[in-house]
Amino acid sequence: MLVESLQNMLIEVNSYIRDFKTALQSFPPNQNQNDYKIITNADRRPSAEHRGRHNEPTTNEVSVLLVNQDCDKRDIVLRRHDNRLQRISETHRSYDSLQYPLMFLYGEDGYNFTVYQVDPNTGQPNFQKKVSARQYYCYRLMLREN
């Protein structure tokens with residue numbers, strides 16, 4: 057029941073899952089699905105309205121449990137038009153949403169090298185100061201009350 061509720065919620069709010077579901081539903085009946093490819097192109101995916109800005113959390117609580125996690129590379133592999141395989145980097149802006157859909161519920165961009173610090177007074181990005189991966193994930197995983 058919990059897994060089904062999570063699945064339904066993700067289908068409703070996550071843009072990647074909606075894209076994948078739409079693509080799967082567009083297959084003709086009795087058509088071999090191996091004849092089709094789903095492509096995720098970071099350059100064509102719209103960025104958040106305030107690029108690089110860390111918005112306020114939309115939930116009251118967040119928790120994560122990582123058991124026996126090592127630091128090996130994780131794979132998300134895409135098939136290119138020329139049928140070669142291409143691994144996307146862990147710093148690709150779509151990586152976090154594809155790898156951790158429960159942490160990036162809405163399919164929003166994850167950490168990448170174009171995330172900038174935001175001036176808390178103006179709300180404007182400071183293009184002179186980039187956010188490190190450590191800073192980004194500390195912010196995302198921070199416990200917040202209310």
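Convert by adding 56 to the 1-based position in the sequence shown; the result is the number in the numbering used here.
Quick reminder that beta carbons are idealized off the backbone N, C-alpha and C, glycines included.
On a predicted model such as this, the values are computed, not experimentally measured, just so you know.
Secondary structure of residue i, DSSP reduced to three states
i	result
Phe-160	coil
Phe-238	The structure shown does not extend to residue 238, since the chain is modelled only from 57 to 202, so the question has no answer here.
Asn-202	coil
Asn-111	Summary for Asn-111: the model assigns pLDDT 45, below 50, so the residue's position carries little reliability, and this model does not support an answer.
Gln-142	strand
Val-69	helix
Val-59	helix
Gln-191	helix
Gln-180	coil
Asp-75	helix
Given residue i as reference, the closest of the options once Cα atoms are compared
i	options	result
Leu-197	Met-159, His-148, Val-174	Met-159
Tyr-172	Thr-178, Tyr-162, Lys-185, Gly-163	Lys-185
Val-69	Met-57, Leu-141, Gly-163, Tyr-192	Gly-163
Asp-152	Tyr-72, Met-65, Leu-141	Tyr-72
Ser-145	Asp-75, Val-133, Asp-138, Asn-86	Val-133
Thr-147	Phe-183, Tyr-192, Met-65	Tyr-192
Arg-149	Asn-202, Ala-189, Asn-177	Ala-189
Phe-76	Asp-175, Gln-142, Leu-154, Asn-86	Leu-154
Leu-62	Thr-178, Leu-161, Asn-202, Thr-78	Leu-161
Nearest-angstrom beta carbon gap, residue j and residue i [assumed within contact, 8 Å]
i	j	result
Leu-66	Pro-181	At roughly 29 Å, the Cβ-Cβ gap does not stay under 8 Å, so Leu-66 and Pro-181 are not in contact.
I want to know whether the region 159-176 touches the region 185-196 - three or more CB-CB distances under 8 Å. yes
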